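Quick notes on the structure that follows.
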Amino acid sequence: MDPGQPSFRLIRTNKGGEKMLEGGYVYLMHRRVGEMTHWQCEQRGECKARVHTKGMEIVKRTNEHLHAPDVQATACCEIKAGIKREARDTQDSSHQIIGEGMLTASEGTAAKLPKLDSLKRTIQRQRASVLSAPVQPTALAELVLPAEYQRTAKGEQFLLYDPGEDDAHRFLIFGTQRNLGMLQQSKIWLADGTFKTAPPLFAQVYVVHGLRGGDDPMKTGHLLPSLFVLLPNKTEDTYRRMWEQIRILCPLAQPEQMLLDFEKGAINSFEHVWPNTVVKCCFFHFTQNIWRHVQSDYTHDEELAMRIRKIPALAFARPADVPDLFEQVSMDLPLTSEIGELVDYFERTYIGRTLATGHHVAATFPIGLWNYHFSTPFGLPRTTNAVEAWHRSFNATVGCHHPTIWKFLLALKREQGLVEVRQTNYLAGKSPTKWRWSQQSEQALRTLVGEYYSPNRTKMEFLQGVAHHFGLGAD
């Protein structure tokens, strides 16, 4: 058994409670005392065996069972729980659900299961219960999450943080203890948000990913979604509260690099909470921002397009050289109104400028946030494209924009199941899915940066060489 997995399973009862399956025995919940849950043998009239759990760990046992374990009975419980779960979470036919549930059933287990018609009625009842999900709240203070929405499909605690209904800027953090452990061990984090799947009352779904096993620059690492946050707004204060709570949840985390989008609130708040972490912004969005200012000139003149691409190529020059090189690149561009607006935008946003009065105005996003000169030789990620790909996949899972909170959480629980597959693949040493970047271009960029100080290539030639390996608005 994976050492990070619990030795028992939790399943839902017909009345919305929980059962625990462990070692061929079935336990019913007796009571909760603080963080402890007390369980009693299902045959409580005859058997006095008791188990105490804390989280997903057994911490105490009292009394021996007076009967032998029944592995087939517990297997039946798991199969029926799986059938109910699939009925609630998928649109598969009854035959499909029952057939898949029976795939691993032994002959003895199958004999103990209810008849086919009974299982079909169970599926119908489960789907009827989904249709009668709680009413969508109209205010954050009205949101009360039933227990089934606070746990994963395996019964693990999924809701990690909720400040409560009295918090005017309430936000929710979802994940598991294993997710937290994986994130704490990740040296590279990536984070991004989306508004499409955010339920009403929330402004965005913000997801924090950890990159594992990406130390070899010629290979890609396993990108593991770890924390899912429902945020009510995008203010810097809310971001700061979120990062502070994540730091509490991950007290041992020491990320070396965080990759974010160009969003001041998220950047400033993260740097406040993790001041020793290097923060970088997405290179793809960097090129997109430039593309938005030059589309007409860029698409009709190939030579001009190459000269314009020298601007984002500054991301690979030595940071101290960037202001002077930007001036040289600017002087090589034609004086059209569109190009003039681009140069002014780039200087104001990414370089900073000195006014006629001598006063220096800092850039909105200083050079250190978007420059990859020192990290390129190590093959570190430069874009959040893989994160955005996850969002697109999750959008498809949800199936609509701005679902109810209940539909969203059911989809998120299904997604957590896929996260656990990714985690297992990483732990098993399986090769990760390749990210969409060219290995040849990646190697060429590392070679160019490695030869940056060579006297055989001018700095403008360096920028032109780099510009061959990407387009605007493309990674």
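Sequential numbering from 1346 applies to the sequence shown in the working numbering. Where is the CB? At the ideal position from N, CA and C, for every residue including glycine. Predicted, not measured: the structure shown is a model, and the values here were computed from it.
Among Phe1719, Gln1602 and His1554, which has the Cα closest to the Cα of Ala1528?
-> Residue 1528 is actually Leu in this sequence, not Ala. Comparing alpha carbon positions, the residue from Phe1719, Gln1602 and His1554 closest to Leu1528 is His1554.
Taking 7 angstroms as the CB-CB limit, is Leu1461 close to chain C?
-> Absent from the structure is chain C; it holds one protein chain and no more.
Under 7 angstroms between the Cβ atoms of Tyr1370 and Trp1384?
-> Result no, Cβ atoms of Tyr1370 and Trp1384 do not sit closer than 7 angstroms.
Three-state secondary structure (DSSP) of Gly1453 = Of the three classes helix, strand and coil, the one that applies to Gly1453 here is helix, per DSSP.
Helix, strand or coil: which one does DSSP assign to Glu1409?
-> The three-state reading of DSSP puts Glu1409 in coil, since its state is none of H, G, I, E or B.
Three-way DSSP call (helix, strand, coil) for Gly1538 in this model | Correct three-state label for Gly1538: strand.
Can you grab the Cα-Cα spacing for the pair Arg1354 / Ala1734, in whole Å?
-> Approximately 32 angstroms, taken between the alpha carbons.
What do you get for Thr1803, buried or exposed, if any count of 16 or more other CB atoms within 10 angstroms of its CB means buried?
-> Exposed.
Are Val1623 and Glu1616 close, meaning C-beta to C-beta below 7 angstroms?
-> Taking 7 angstroms as the Cβ cut-off, Val1623 and Glu1616 do not qualify as a contacting pair.
Simplified DSSP state of Val1766, which is helix, strand or coil = Helix.
Those runs of the alpha helix (DSSP H) which lie wholly inside the stretch 1711-1754 and span at least 4 residues | Counting only runs of 4 or more, we get 1712-1715 and 1730-1743.
In whole angstroms, what separates the C-alpha of His1412 from that of Thr1398?
-> Going by the C-alpha atoms only, they are around 22 angstroms apart.
Alpha-carbon spacing of Leu1725 relative to Glu1648, whole angstroms = Approximately 31 angstroms, taken between the alpha carbons.
Grab me the residues of Arg1781's own chain with a C-beta within less than 6 angstroms of its C-beta, minus the 5 sequence neighbours each way, in chain order.
-> With a pLDDT of 49 at Arg1781, under the threshold of 50, the modelled position of this residue cannot be trusted, and the question is left open.
To the nearest angstrom, how far is it from the Cα of Asp1512 to the Cα of Leu1485?
-> Near 8 angstroms, if we compare the C-alpha coordinates of Leu1485 and Asp1512.
Inter-residue spacing [alpha-carbon to alpha-carbon] between Asn1634 and Asn1716 = Answer to the nearest angstrom: the Cα atoms are 15 angstroms apart.
Answer yes or no: do Leu1575 and Phe1540 have a C-beta to C-beta separation smaller than 7 angstroms?
-> Note that the C-beta distance between Leu1575 and Phe1540 is not below 7 angstroms.
Exposure of Gly1685, with buried meaning 16 or more beta-carbon neighbours within 10 Å | Sixteen is the threshold: since fewer than 16 other Cβ atoms of the shown chains lie within 10 Å of the Cβ of Gly1685, the residue is exposed.
Compare the Cα-Cα distances from Pro1711 to each of Arg1693, Arg1652, Leu1448 and Cys1595 and report the closest residue.
-> Cα-wise, what sits closest to Pro1711 is Arg1693.
Pull up the distance between the alpha-carbon of Leu1793 and that of Ile1696, whole angstroms please.
-> Going from the Cα of Leu1793 to the Cα of Ile1696 covers about 23 angstroms.
Is Pro1544 closer than 7 angstroms to Pro1748 when the C-beta atoms are compared?
-> Yes; because the gap between Cβ atoms is below 7 angstroms, this pair is in contact.
From this set, Ile1591, Gln1469 and Trp1534, which residue's C-alpha is nearest Gln1602's C-alpha?
-> Per the Cα distances, Trp1534.
Which whole-angstrom value describes the C-beta separation of Thr1407 and Arg1389, a residue pair presumed to lie in contact below a C-beta threshold of 8 angstroms?
-> Contact doesn't hold; Cβ gap of about 13 angstroms is too wide.
Report the rounded CA-to-CA distance for His1736 versus Gln1768, giving the unit in angstroms.
-> Rounded to the nearest angstrom, the two C-alpha atoms are 18 angstroms apart.
So, are the CB atoms of Pro1722 and Arg1791 less than 7 angstroms apart?
-> Against a cut-off of 7 angstroms, the Cβ pair of Arg1791 and Pro1722 comes out as a contact.
Just how far apart, CA to CA, sit Ala1598 and Leu1464?
-> Ala1598 and Leu1464 have their C-alpha atoms roughly 46 angstroms apart.
With 16 other CB atoms within 10 Å as the buried threshold, where does Tyr1798 fall?
-> Counting Cβ neighbours within 10 Å, Tyr1798 comes out exposed, since fewer than 16 surround it.
With C-beta atoms as the reference, is Val1667 less than 7 angstroms away from Ile1653?
-> With respect to the 7 angstroms criterion, Val1667 and Ile1653 are not classified as neighbours on the basis of their beta carbons.
Would you call the CB atoms of Arg1557 and Ala1498 closer than 7 angstroms?
-> Judged by beta-carbon spacing, Ala1498 lies beyond the 7 angstroms limit of Arg1557, meaning their Cβ atoms are not closer than that value.
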